[in-house]
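Novice:
There are 2 protein chains.
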Amino acid sequence: MGRMTQSPRKRPTSFDVAHLAGVSQSTVSRALAGSPSITEATRNRVMAAAAELDYLVDERAARLRRGTTSTLAVVVLRRPEDTVRSANPFYQELLYSVCEAAATRQLDTLVSLQSDDGDLSGRYVEQGQADGLVVIGSPTNVRAWEYFHELEADTSYDSPDTIGHAAYWGTPHEDMRWVRADNATGGRLAVRHLTDAGYRSIAYAGSDGNVQQQFRERHEGYLAEMADRGLAPRMIAVDQDSSREDQGRAAADAVLAAGDVDAMFVACDRMALGVLDRLSGLGTNVPGDIGVVGFDGMGAGRFSNPPLSTIEPDLAAAGKMLVDAAIDGVAQADGVRVPVRYVARSSVRSE
Amino acid sequence: MGRMTQSPRKRPTSFDVAHLAGVSQSTVSRALAGSPSITEATRNRVMAAAAELDYLVDERAARLRRGTTSTLAVVVLRRPEDTVRSANPFYQELLYSVCEAAATRQLDTLVSLQSDDGDLSGRYVEQGQADGLVVIGSPTNVRAWEYFHELEADTSYDSPDTIGHAAYWGTPHEDMRWVRADNATGGRLAVRHLTDAGYRSIAYAGSDGNVQQQFRERHEGYLAEMADRGLAPRMIAVDQDSSREDQGRAAADAVLAAGDVDAMFVACDRMALGVLDRLSGLGTNVPGDIGVVGFDGMGAGRFSNPPLSTIEPDLAAAGKMLVDAAIDGVAQADGVRVPVRYVARSSVRSE
DNA sequence: CTGAAAGCGCTTACAG
DNA sequence: CTGAAAGCGCTTACAG
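Respectively, the protein sequence lines represent chains Z and B.
First residue of the first sequence: 1, per UniProt numbering; consecutive thereafter.
First residue of the second sequence: 1, per UniProt numbering; consecutive thereafter.
(1) What's the gap between the Cα of Ile163(B) and the Cα of Arg65(Z)?
(2) Quick one: Cα of Ser159(B) to Cα of Ala318(Z), how far?
(3) Going by DSSP, what residue range makes up the alpha helix (DSSP H) through Tyr91(Z)?
(4) Helix, strand or coil: how does DSSP classify Asp158(Z) here?
(5) Could you pull out every residue in the same chain whose Cβ sits closer than 6 Å to the Cβ of Phe148(Z), ignoring the five residues on either side in sequence?
(6) By Cβ distance below 6 Å, which residues in the same chain neighbour Ser304(Z) in space, the five residues on each side in sequence not counted?
(7) Quick check: what's the CA-CA separation for Phe109(B) versus Tyr199(Z)?
(8) For Gly164(Z), does the three-state DSSP call read helix, strand or coil?
(9) Which first and last residues belong to the beta strand (DSSP E) in which Phe295(Z) is found?
(10) Got a sec: which bits of the stretch 101-125 of chain B sit with their beta carbon under 7 Å from any beta carbon on chain Z, in order along the chain?
(11) Less than 8 Å between the CB atoms is what I'm expecting for Gly301(B) and Asp328(B), so what's the real figure, rounded?
(12) Looking only at its chain, what residues have a beta carbon closer than 7 Å to the beta carbon of Val343(B), apart from the 5 residues adjacent to it on each side?
(13) At a Cβ cut of 7 Å, what residues of the stretch 309-320 of chain Z count as close to chain B, listed as they run along the chain?
(14) What does the Cβ neighbour count give for Gly294(B), buried or exposed, with the cut at 16 atoms within 10 Å?
(15) With 9 Å as the C-beta to C-beta threshold (strictly closer), list the residues of the stretch 293-310 of chain B near chain Z in chain order.
(16) Which of the three DSSP states, helix, strand or coil, is assigned to Ser29(Z)?
(17) Measuring alpha carbon to alpha carbon, tell me which residue in Ala197(B), Val76(B) and Glu225(B) is nearest Pro139(B).
(18) Can you check which of these residues, Leu189(B), Val238(B), Val255(B) and Leu72(B), is closest to Glu225(B) by C-alpha distance?
(19) So which of Arg278(Z), Gly291(Z), Pro307(Z) and Val340(Z) has the shortest CA-CA distance to residue 396(Z)?
(20) Is it the case that the stretch 216-233 of chain B contacts the stretch 251-262 of chain B, given that we only count it when at least three CB pairs across the two stretches are under 8 Å?
(21) Looking at the secondary structure, which residues open and close the beta strand (DSSP E) in which Leu110(Z) lies?
(22) Can we say the stretch 26-33 of chain Z touches the stretch 92-99 of chain Z, given the rule of at least three CB pairs closer than 8 Å?
(23) With Leu20(Z) and Glu52(Z) assumed to form a contact (beta carbons below 8 Å), what rounded beta-carbon distance in angstroms separates them?
(24) Any Cβ of chain B within less than 7 Å of the Cβ of Ser156(Z)?
(25) Does the beta-carbon distance from Gly137(B) to Gly170(B) come in below 7 Å?
(26) For my contact list, Gly216(Z) and Arg337(Z) are in at a C-beta cut-off of 8 Å; report their separation, rounded to the angstrom.
(27) For a contact defined as C-beta to C-beta under 9 Å, what are the partners of Gly186(B) on chain Z?
(28) Is Pro36(Z) buried or exposed, if buried means 16 or more other CB atoms sit within 10 Å of its CB?
(29) Pick out the complete beta strand (DSSP E) segments inside the stretch 195-279 of chain Z, 3 residues or longer, and give them in chain order.
(30) Taking buried to mean at least 16 other C-beta atoms within 10 Å of its own C-beta, is Glu152(Z) buried or exposed?
(31) In the DSSP output, what is Leu315(Z) paired with across the bridge?
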């Protein structure tokens, strides 16, 4: 490693470069920033000196002076009890796609994992650390969402070069600038493909209550499409407190007990994976006896038994929408929808 | 939103707070930083004024002056052709656990996704943006690893408060400070559990070449344990160019063609998932006819057909080791190993 | 315990 | 096209 072969020395500044190149410090700054007013010859001399000294601009100073940061802050809300392996991979994927979208816009991403029971902080713009903020979470992070909701109301001044924009995934508050999957369309798509494949007695498996806004919307899409097709809706309500997988297993039991259901639209993939697990354990033929459609597009669905048909939100679009909304703002006061598509796999008969 | 209810005004500085609290700017700085030399009464007055003005320290200025950043830079190497959904989730999980480990140490994480065919940059410490650097990638990101390898050699000066530490996951260069799974132990564990379950003709499925250091180590562990138990090793070499899943499918075909193999230790979970997919498609009984063990601990393995036994690296430990190595440095010049454990699921007969 | 002042390392009017 | 100077908003010796 380099530092062993040479004695440490202080990091060079633009003054050192100026001295070596025989120009003023301001010229160094301009030359390195690509100012068009600098001669090619001068620029070359400066660049050579900078390379020679291994000089790099100190971004703290540059940003302090400039007033901007070229950075997007991303807060990921996690449940305190989650480990990397038990956490819902959906949020990890969403984080990843936000980072990708930010990179496309030449923005670095300042990521902070926060949980409902720990310190919350989202004032990165006000602290000069970012030009915008994206918050990713599930509506169950109640305290965190209240915190961010209040933050929106509190911000009483604007930074010179930014308007302190923010965008949110998973907020239960309608008056925050949210980005969400087009859940209702997803619900409709599920019913559409299931009926096209010949299923008629299609149940929705999910929570009945109003805890999860996203689930409610999926359910509404399901109801609307069922009504449009003159089919009677059925609800398989699951216990709120168990894991998604166990909720799915219980839903499968309920469907089998009912005896007259031939397909299920399940609120999310993790739950649907639980459904499949129970159904295959019991020897029920999927998709023959019962067709199953999930929601999320989880990778695990490609290898389940059988592979899971699902409604997949366009994650790349989601990342881009969040970043754009956070940096540019959006016209509408509230939210924007991420498109979804139906992914056909073998948990549904071919149409 | 707040900005609608009040006219925008410039962000307050410590001078504004000082003015309102009737003290000097230095006192504001000290009071807010928690300096013990400030009276309780003074501190309260300052805090009240700061709250009143909604003042927050500008971190750019504070860090410029202080010389540190409280930030860890994390570079994630991605393949240019990958999308969020096609990318190996292992790296997303690892990124997540690095962020968690950093948060535990009160560090923010500056995340940058970079790919072999795009701009590479890892000089965050030199630019005053971070106190340390973690790079996560696969050995296949050849150009990127060469870049970071050279960077280590180039750094010819030290920052005043940091030594420009870095730690790497996935580097093919032995002389960089790497963190890796304990692959050899993983290979041994796989063989151990397979033989304990009564399997005798255990093949290794993976690449034969030396492309993937990690795979080579897993193979070596397998070979060593097989030798210790007096069993004859078998290699099922896979085609380098197809997808992991297809490599797995081909390996399954090869095993079936051979006819005398009763178990497989597969180089990684994605490949093992391909093995399972083909085996179940062909009606082969797993674990009855053939036992399968993968490597990685991928979430999808919990729902595959049958659920996949696997060697799981401790991801939380991996994140912590990377962060610690990057910030504190480590004693040894080269690397440290992340512990692995055997996760028993139904792709192996119960012992 | 508090204040006046220097200075971190840049960018950018302002002159010439 | 280039330079001298101001200033971004802090922290921290140095005095008292």
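Beta carbons: idealized from backbone N, C-alpha and C, even for Gly.
All values derive from a computational prediction rather than experimental measurement.
Specialist: Concretely, from the data shown:
(1) Taking the second sequence and counting its residues from 1, the one referred to as residue 163(B) is at position 163. Taking the first sequence and counting its residues from 1, the one referred to as residue 65(Z) is at position 65. A caution first: Ile163(B) carries a pLDDT of 41, below 50, which makes its placement in the model too unreliable to give a value.
(2) As a position in the second sequence, residue 159(B) is number 159, starting the count at 1. As a position in the first sequence, residue 318(Z) is number 318, starting the count at 1. Caution is warranted here: a pLDDT of 41 is assigned to Ser159(B), below 50, making its placement in the model unreliable, and no coordinate value can be reported.
(3) The sequence position of residue 91(Z) within the first sequence is 91, counting from 1. Its alpha helix (DSSP H) spans residues Pro89 to Thr104.
(4) Locating residue 158(Z) in the first sequence gives position 158, counting from the first residue. Any reading at Asp158(Z) must be qualified, since the residue scores a pLDDT of 46, below 50, and its modelled position is unreliable; the value itself is stated next. Three-state DSSP puts Asp158(Z) in coil, outside helix and strand.
(5) Sequence index remark: in the first sequence, residue 148(Z) carries index 148 (1-based). Contacts found: Gly122 and Val135.
(6) As a first step, residue 304(Z) must be located in the first sequence, where it is residue number 304. Contacts found: Leu273 and Leu276.
(7) Counted from its first residue, the second sequence places residue 109(B) at position 109. Counted from its first residue, the first sequence places residue 199(Z) at position 199. Note that residue 109(B) is Thr in the sequence shown here, rather than Phe. Cα-Cα distance, rounded: 49 Å.
(8) For the purposes of this step, residue 164(Z) is identified with residue 164 of the first sequence, where counting begins at 1. In this prediction, Gly164(Z) scores a pLDDT of 45, lower than 50, which makes its location untrustworthy; the coordinate-derived value is nonetheless stated afterwards. Reduced to three states, the DSSP call for Gly164(Z) is coil.
(9) Here the question's residue 295(Z) lines up with position 295 in the first sequence. Gly291 to Phe295 is the span of the beta strand (DSSP E), which, as asked, contains Phe295(Z).
(10) Ala103, Asp108, Thr109, Leu110, Val111, Ser112, Leu113 and Arg123
(11) For the purposes of this step, residue 301(B) is identified with residue 301 of the second sequence, where counting begins at 1. For the purposes of this step, residue 328(B) is identified with residue 328 of the second sequence, where counting begins at 1. Not confirmed; about 34 Å, so no contact.
(12) Reading the second sequence from its first residue, position 343 is the one you call residue 343(B). Closer than 7 Å at Cβ, skipping near neighbours: Gly297, Ser309, Thr310 and Glu312.
(13) Leu315 and Ala316
(14) Walking along the second sequence from the start, residue 294(B) turns up at place 294. The residue is buried, with at least 16 neighbouring Cβ atoms inside 10 Å.
(15) Gly297, Met298, Gly299, Ala300, Gly301, Arg302, Phe303, Ser304, Asn305, Pro306, Pro307 and Leu308
(16) Working through the first sequence from its first residue, we reach residue 29(Z) at position 29. In the structure shown, Ser29(Z) sits in a helix (DSSP, three-state: H, G or I).
(17) By one-based count along the second sequence, residue 139(B) stands at place 139. Comparing Cα positions, the closest option is Val76(B).
(18) Position 225 of the second sequence, counted from the start, is the residue given in the question as residue 225(B). Answer by Cα proximity: Leu189(B).
(19) Outside the displayed span of chain Z (1 to 351) sits residue 396(Z), for which this structure offers no information.
(20) no
(21) Taking the first residue of the first sequence as position 1, residue 110(Z) is located at position 110. Leu110(Z) -> beta strand (DSSP E) spans Asp108 to Ser115.
(22) no
(23) Indexing the first sequence from 1 puts residue 20(Z) at position 20. Indexing the first sequence from 1 puts residue 52(Z) at position 52. Contact holds; Cβ gap of about 7 Å.
(24) Position 156 of the first sequence, counted from the first residue, corresponds to residue 156(Z). With a pLDDT of 49 at Ser156(Z), under the threshold of 50, the modelled position of that residue is not reliable, and the figure given next carries that caveat. So yes, Ser156(Z) belongs to the interface.
(25) Position 137 of the second sequence holds residue 137(B). Position 170 of the second sequence holds residue 170(B). Result yes, Cβ atoms of Gly137(B) and Gly170(B) sit closer than 7 Å.
(26) Walking along the first sequence from the start, residue 216(Z) turns up at place 216. Walking along the first sequence from the start, residue 337(Z) turns up at place 337. For clarity, residue 216(Z) is Arg in the given sequence; the question names Gly instead. 15 Å between Cβ atoms; not a contact.
(27) Numbered from its first residue, the second sequence carries residue 186(B) at position 186. Within 9 Å Cβ-Cβ: nothing; Gly186(B) doesn't reach chain Z, min ~16 Å.
(28) Taking the first sequence and counting its residues from 1, the one referred to as residue 36(Z) is at position 36. With fewer than 16 other Cβ atoms within 10 Å, it is exposed.
(29) 202-206, 234-237 and 263-266
(30) Translated into the one-based positions of the first sequence, residue 152(Z) becomes position 152. Under this definition Glu152(Z) is a buried residue.
(31) As a first step, residue 315(Z) must be located in the first sequence, where it is residue number 315. Its beta-bridge partners do not exist; DSSP assigns none.
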